[in-house]
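For reference, the structure discussed in these notes is given below.
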Ligand SMILES: Nc1ncnc2c1ncn2[C@@H]1O[C@H](COP(=O)(O)OP(=O)(O)O)[C@@H](O)[C@H]1O
Ligand SMILES: Nc1ncnc2c1ncn2[C@@H]1O[C@H](COP(=O)(O)OP(=O)(O)O)[C@@H](O)[C@H]1O
Ligand SMILES: [Mg+2]
Ligand SMILES: [Mg+2]
Ligand SMILES: [Mg+2]
Ligand SMILES: [Mg+2]
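Structure (structure tokens):
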């Protein structure tokens, strides 16, 4: 395992120390819980609190999206493992100003359980918490079981929209409504070309044969829809757009934002090559790209591969996307 | 070779198409030369033109640093190969407004030759061009042959400072003077943990044994100072800071900016872990970190490893670093 | 031999469980490594050792269960935190209703804990999880009660049920969690959670048996 | 047989060179792949084929050399663009001083080209580069002149020199460019640039010999 780390069981602790030191202009950690990262802008104006949380190993997600006009606090878990209920609870407490808290997270068993318990704890403090659970990954379940779908890079759009809406002074219900619309309007699909290794484990816990790719792979290496021959960027783009398109959300004339995220070891160059092919296909379908984001926005350690996310826009969502933010991962 | 590309001989062309489409708010390409990327802010105010250029495969360098208040035009080469003299020349022509042009590039044989020829061409047009040649890589030659050293991620500080200075209305000589000071004040060192593969070649053209690392590796896999046992982040940080420190530039009481760049497949997590160790050592040496940048700022395709860059600051350099920019790679 | 134990002063039963998880933590990680991400022992050990600090030596059995449950829920995250946390919290909540814990109360506690877990985690028997240890353990225990065996004997049956439950996971294909990544290839390995669940149930039964025999 | 050629109407000599580079491009990339990044053939082919488009069929030898040189400098980048570009530009500049090109003028041209190259690229004999082909080729040519051989014979000697120069790179350790990455391991392989340089000199000599023999 070729890694620049100290104790493999303490990679998250060690990372957080470096993160705090380097971004003290944007975030700080909770006084009593180093697994809670809080925006320096928290409570600088009265608004609905926005929190999220998830396993580590996805950097810059989740903590990179903590900052002014985006996420107010982030609960940080072990690698690929949900944060504790306490960390979610501490996030809730750190951001609540009496207007309630929106917890915007991804649909995974552990996160669902821990958020549920944190909300129960917050109820005792009479803090109102509502959730939006990202389920943008079309590969993870068929459309008639849409609630089982996992959240992947579409979570970034969810946070961007939720953060913006809350900063416009919306109520908790309004924030939830618009953010839920954002995720309902969002679809993602991933491809994996080679696996990743959890430091404490020391070996990849799945394999991808050279010359093949896992189409529909999840953010932690969850199995894809199919193993395909590794073909050209043009083919891959066409397969990715097609499966998203087949979900019957996007139509002729739509305006969308597109996010391509490398999963870790895929060079930016390849992400731009894929984007070019995606853009060509969308143009053919008469879909206009309002904004495009390309880069390692939501990774899986050093996995080779990428995700494609498309969000259907309306005027409200565009306004939310356009709001400037001050975070490490997004501008 | 697990890659998302079309024709391996056209990766640069294909990337540029995607790049232009996705960042048309910041840059455009030269009408007659797609290998020249120009900031949309070019000539929006009268100033010294700032250009650079280099091989591809280092994304977001070089083109990601093109934009308002940083680089005005970038010449784009093949993978790991200098741009043509014509592209450098076209950059010069695109940005000159009669105040001259500063060409800020890295010390490689091909770039030196092509820039030299481009300057000769520009002389015929009576455009004054001066250069700063980055040589921040301490591993590439001993101090008494400092002019032989290669430029690596320190180039980013060079561009940041040069771009800022020019936007403050400085003359060509002033821009060159301050930018030269920036690079004279900058030292970098890289470590490589696994190699990268040029798409058209199809196989890595060097190997790094698992359990070892190449200390002092260059941005294209140039051989390091030594092959070491892969140790802890703490050890690696201490070796890296030490070799920079031994170059007799930094001293007790200095204020510096630090840049850690992943070379491609090194997770952000590990970059933060290393940063934490570097920060501890600098603190012990009574060196203050004014600003830190951590991320994939200057890559080598999917190479595993990272570079550490430290720049000694004074008031002028701080002012230059602080100027906001509007580029893809830097904020 | 008694056919009940006191709640009072029996926190050592919980400390025994913590001790066994601690001793087996490398083994649990090793099993998890075969089909998962190799951290089950580390995850468990972290949470259980944290709880150990907080449990006063001479406190009640249910008080210790409550502390363990709360610590797991609050401090280990992942899926194991809420799952085992809920399990121990529910055990505590049912058992603390009486000062003497007999075989019937213990059955109620197990059933409530199991139900809490099913509500929360959504795994079913056969998914290759800790449920595959817990469910047959409770079933064997209940059968023993129905056959009028003593508390001591019922606990013996529970251990047998837990053991064969754990072993049954070896031939299962994982349907949930990280190991489901492997599909058919997950066959041939014990499930890590099923193994830790066996250790927990087995140790708890042994310790209660010791107390009964006092 | 003549002992000079005309500059006039002899662009075909340059087109022959381009043709040979084109035909050998896969071979050149293959050699480069052994110690470098495997693109030498592609790089060369791109530039040379671009120049081919621009060279009028019945133009002068020196005009064609100039176009080739300029195209390489302007349009291929890397190190090869400026290096071979300068080489052909310098050849052109010296040769075009007279309408008849004899063996002495050709020697001057080679020497000027070689000097231009040394000034620009900074490689030395023994570094395992194209210089290791060029330098012995010129030396053999000059020796032949000193021995009063004919232009035709001098060119034959130049080809021999180029060939043994190219072959000498096989035993060298690369000191410059990408192959220097390999150190000792670069031994046993021809240098790609030395090989393309041999193809260029060999083809140029053959074509001039054909012209002399006309
Ligand atoms: N939804 C679930 N319900 C019950 N048990 C589960 C569930 N998901 C996972 N498990 C159990 O968790 C165990 C793995 O735990 P652990 O390794 O600590 O967590 P992780 O899988 O996050 O690394 C599995 O062996 C399985 O028994
Ligand atoms: N400084 C130099 N001077 C002369 N020849 C050089 C120099 N650097 C490299 N070469 C030659 O360039 C050849 C490689 O060319 P090519 O593969 O086209 O470029 P690159 O190395 O950029 O991929 C080497 O075989 C060597 O002969
Ligand atoms: Mg885990
Ligand atoms: Mg090359
Ligand atoms: Mg695990
Ligand atoms: Mg090459």
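Chains as they are written, first to last, in this note's numbering: chain W, 588 to 918; chain S, 588 to 918; chain C, 997 to 1210; chain Y, 997 to 1210.
Glycine included, C-beta positions come from ideal geometry on N, C-alpha and C.
- Which whole-angstrom value is the C-beta distance of residue 852 (chain S) and residue 851 (chain W), which I expect to be below 8 Å? As a working note, residue 852 (chain S) is residue 265 in the second chain. As a working note, residue 851 (chain W) is residue 264 in the first chain. Contact between residue 852 (chain S) and residue 851 (chain W) is confirmed by a C-beta separation of about 6 Å, below the 8 Å threshold.
Neighbour-count burial assignment, residue 801 (chain S), 16 or more Cβ in a 10 Å radius: Along the second chain, one-based indexing puts residue 801 (chain S) at 214. Residue 801 (chain S) is buried by the Cβ-count criterion.
Proximal chain S residues relative to residue 1169 (chain Y), where beta-carbon distance stays under 8 Å: Reading the fourth chain from its first residue, position 173 is the one you call residue 1169 (chain Y). For residue 1169 (chain Y), there are no C-beta contacts with chain S under 8 Å, since the nearest C-beta of that chain is about 12 Å from it.
Proximal residues, the region 1093-1127 of chain C versus chain W, C-beta separation under 9 Å: Flagged, chain order: 1116, 1117, 1118, 1119.
- Can you list every residue whose CB sits closer than 6 Å to some heavy atom of ligand 2, going in chain order? Residues whose Cβ lies closer than 6 Å to any heavy atom of ligand 2, listed in chain order: S:668, S:696, Y:1028, Y:1032, Y:1033, Y:1035, Y:1036, Y:1039, Y:1074, Y:1075, Y:1076, Y:1079, Y:1117, Y:1118, Y:1119, Y:1125, Y:1126, Y:1127, Y:1172, Y:1173, Y:1174, Y:1187, Y:1188, Y:1189, Y:1190.
In three-state DSSP terms, what is residue 1007 (chain C)?
Working through the third chain from its first residue, we reach residue 1007 (chain C) at position 11. Judged by DSSP in its simplified three-state form, residue 1007 (chain C) adopts coil rather than helix or strand.
Requested in this report: Tell me where the beta strand (DSSP E) around residue 785 (chain W) begins and ends.
Outcome: Residue numbering aside, residue 785 (chain W) sits at position 198 when the first chain is read from its first letter. Membership of residue 785 (chain W) in any beta strand (DSSP E) is not indicated, and neither H nor E is assigned to it by DSSP.
Requested in this report: Using the DSSP secondary-structure output, state which residues sit across from residue 895 (chain S) in a beta bridge.
Outcome: In the second chain, residue 895 (chain S) corresponds to position 308, counting from 1. Beta-bridge pairing links residue 895 (chain S) to S:776, S:847.
Restricting to Cα atoms, I'd like to know which of S:692, S:682, S:736, S:658 is closest to residue 670 (chain S). As a working note, residue 670 (chain S) is residue 83 in the second chain. Selected option, being the one with the closest Cα: S:692.
Discussion item. Am I right that residue 598 (chain S) and residue 679 (chain S) are in contact with their C-beta atoms under 8 Å? What's the rounded C-beta distance?
Written reply: Within the second chain, the letter at position 11 stands for residue 598 (chain S). Within the second chain, the letter at position 92 stands for residue 679 (chain S). The distance from the Cβ of residue 598 (chain S) to that of residue 679 (chain S) is about 26 Å, inconsistent with a contact at the 8 Å cut-off.
Residue 1010 (chain Y) CB to nearest chain A CB: under 7 Å? The structure shown contains no chain A; its protein chains are W, S, C and Y.
Practice prompt. Please go through the same chain and pick out, in chain order, the residues whose beta-carbon is closer than 6 Å to the beta-carbon of residue 845 (chain S), but skip the five residues on each side of it.
Written response: Reading the second chain from its first residue, position 258 is the one you call residue 845 (chain S). For residue 845 (chain S), the CB contacts under 6 Å within the same chain, skipping 5 residues up- and downstream, are 876, 879, 897 in chain order.
### Message
Just to check my reading of the structure: residue 1054 (chain C) and residue 1005 (chain C) have Cβ atoms closer than 8 Å, yes? What is that Cβ distance to the nearest angstrom?
### Response
Within the third chain, the letter at position 58 stands for residue 1054 (chain C). Within the third chain, the letter at position 9 stands for residue 1005 (chain C). Rounded to the nearest angstrom, the Cβ distance from residue 1054 (chain C) to residue 1005 (chain C) is 6 Å, consistent with a contact under 8 Å.
Check residue 795 (chain S) in the structure and name its three-state DSSP category.
Position 208 of the second chain, counted from the first residue, corresponds to residue 795 (chain S). It is coil, neither helix nor strand.
- Note the first and the last residue of the continuous alpha helix (DSSP H) segment covering residue 832 (chain W). What you label residue 832 (chain W) is simply residue 245 of the first chain in a count that begins at 1. In this chain, the alpha helix (DSSP H) harbouring residue 832 (chain W) covers 820-832.
Can you check whether the C-beta of residue 673 (chain W) is within less than 7 Å of a C-beta belonging to chain C?
Within the first chain, the letter at position 86 stands for residue 673 (chain W). Taking Cβ atoms only, chain C reaches closer than 7 Å to residue 673 (chain W), which makes this a yes.
Closer than 9 Å at the beta carbon, the chain C residues around residue 788 (chain W): For this step, residue 788 (chain W) is matched to residue 201 along the first chain. Chain C residues near residue 788 (chain W): 1025, 1028, 1029, 1032, 1033, 1034, 1035.
query = Is the beta carbon of residue 676 (chain S) less than 7 Å from the beta carbon of residue 746 (chain S)?
reply = Position 89 of the second chain, counting from 1, holds the residue named residue 676 (chain S). Position 159 of the second chain, counting from 1, holds the residue named residue 746 (chain S). With respect to the 7 Å criterion, residue 676 (chain S) and residue 746 (chain S) are not classified as neighbours on the basis of their beta carbons.
Note to self: So residue 1070 (chain C) contacts chain W; which residues on that side make the cut at Cβ distance below 7 Å?
What the structure shows: To locate residue 1070 (chain C), count along the third chain from 1; it is residue 74. 671, 672, 673, listed in chain order.
| task | Can you pull the chain S residues whose beta carbon is under 7 Å from the beta carbon of residue 635 (chain W), in chain order? | result | Mapped onto the first chain, residue 635 (chain W) falls at position 48. By Cβ distance, chain S contributes nothing, its closest Cβ being about 26 Å from residue 635 (chain W), past 7 Å.
Margin query: Within the continuous alpha helix (DSSP H) that includes residue 1135 (chain C), where are the two ends?
Written below: Start at 1 with the first residue of the third chain, and residue 1135 (chain C) comes out as number 139. For residue 1135 (chain C), the enclosing alpha helix (DSSP H) covers residues 1127-1142.
(message) Tell me the residue span of the beta strand (DSSP E) that contains residue 681 (chain S).
(response) Position 94 of the second chain, counted from the start, is the residue given in the question as residue 681 (chain S). For residue 681 (chain S), there is no enclosing beta strand (DSSP E); the enclosing alpha helix (DSSP H) has its first and last residue at 672-682.
**Request:** Note down, in chain order, each residue of its chain lying with its Cβ closer than 7 Å to the Cβ of residue 816 (chain S), except the 5 sequence neighbours on either side.
**Result:** Translated into positions along the second chain, residue 816 (chain S) becomes position 229. Around residue 816 (chain S), the same chain offers 798, 799 as residues with beta carbons nearer than 7 Å, after the five sequence neighbours per side are excluded.
Note to self: Residues of chain S with CB closer than 8 Å to the CB of residue 889 (chain W), please, in chain order.
What the structure shows: Residue numbering aside, residue 889 (chain W) sits at position 302 when the first chain is read from its first letter. Result: 852, 853, 854, 891.
### Query
Expressed to the nearest angstrom, what Euclidean distance is found between the alpha-carbon atoms of residue 1132 (chain Y) and residue 696 (chain S)?
Within the fourth chain, the letter at position 136 stands for residue 1132 (chain Y). Within the second chain, the letter at position 109 stands for residue 696 (chain S). Whole-angstrom Cα-Cα distance: 24 Å.
- Query: Can you pull the DSSP bridge partners for residue 690 (chain S)?
  - Reply: Numbered from its first residue, the second chain carries residue 690 (chain S) at position 103. According to DSSP, residue 690 (chain S) bridges with S:638, S:718.
Within a Cβ cutoff of 7 Å, which residues of the same chain sit near residue 1022 (chain C), ignoring the five residues on either side of it in sequence?
Locating residue 1022 (chain C) in the third chain gives position 26, where the first residue counts as 1. Beyond the five residues adjoining it in sequence on each side, residue 1022 (chain C) comes within less than 7 Å, by CB distance, of 1037 in the same chain, given in chain order.
Nonlocal neighbours in the same chain, by C-beta distance under 6 Å from residue 775 (chain S), ignoring five residues either side = Here residue 775 (chain S) corresponds to residue number 188 of the second chain, with the count starting at 1. Setting aside the 5 residues that flank it on each side, residue 775 (chain S) is surrounded in the same chain by 723, 724, 739, 740, 741, 894, 896, each with a C-beta closer than 6 Å to its C-beta; the list follows chain order.
With a CB to CB cut of under 8 Å and the five nearest residues on each side skipped, what residues in its chain are close to residue 889 (chain W)? Within the first chain, numbered from 1, the residue matching residue 889 (chain W) stands at position 302. In its chain, beyond the 5 residues on either side, 783, 784, 851, 852 have a beta carbon closer than 8 Å to the beta carbon of residue 889 (chain W).
**Item:** Partners in chain C for residue 665 (chain W), counting only beta-carbon separations shorter than 8 Å
**Value:** Position 78 of the first chain, counted from the first residue, corresponds to residue 665 (chain W). Within chain C, the residues near residue 665 (chain W) are 1035, 1039, 1073, 1074.
Checklist entry - Nearest-angstrom Cα distance between residue 910 (chain S) and residue 918 (chain S)? => result Within the second chain, numbered from 1, the residue matching residue 910 (chain S) stands at position 323. Within the second chain, numbered from 1, the residue matching residue 918 (chain S) stands at position 331. Using only the alpha carbons, I get a separation of about 9 Å.
With residue 1035 (chain C) and residue 1203 (chain C) assumed to form a contact (beta carbons below 8 Å), what rounded beta-carbon distance in angstroms separates them? For the purposes of this step, residue 1035 (chain C) is taken as residue 39 along the third chain, with counting starting at 1. For the purposes of this step, residue 1203 (chain C) is taken as residue 207 along the third chain, with counting starting at 1. Cβ-Cβ separation between residue 1035 (chain C) and residue 1203 (chain C): approximately 27 Å, too far for a contact (criterion under 8 Å).
| field | Helix, strand or coil at residue 914 (chain W) according to DSSP, with G and I counted as helix | value | Translated into the one-based positions of the first chain, residue 914 (chain W) becomes position 327. DSSP places residue 914 (chain W) in coil when its eight states are reduced to three.
Continuous beta strand (DSSP E) stretch holding residue 664 (chain S): start and end | Translated into positions along the second chain, residue 664 (chain S) becomes position 77. First-last of the beta strand (DSSP E) with residue 664 (chain S): 660-666.
Anyone know if the C-beta pair for residue 1151 (chain Y) and residue 1209 (chain Y) falls short of 7 Å? Locating residue 1151 (chain Y) in the fourth chain gives position 155, counting from the first residue. Locating residue 1209 (chain Y) in the fourth chain gives position 213, counting from the first residue. The answer is no: Cβ separation not under 7 Å.
### Message
Measuring alpha carbon to alpha carbon, tell me which residue in S:701, S:710, S:662 is nearest residue 687 (chain S).
### Response
Counting from 1 along the second chain, the entry for residue 687 (chain S) is found at position 100. Of the candidates S:701, S:710, S:662, the residue whose Cα lies closest to the Cα of residue 687 (chain S) is S:710.
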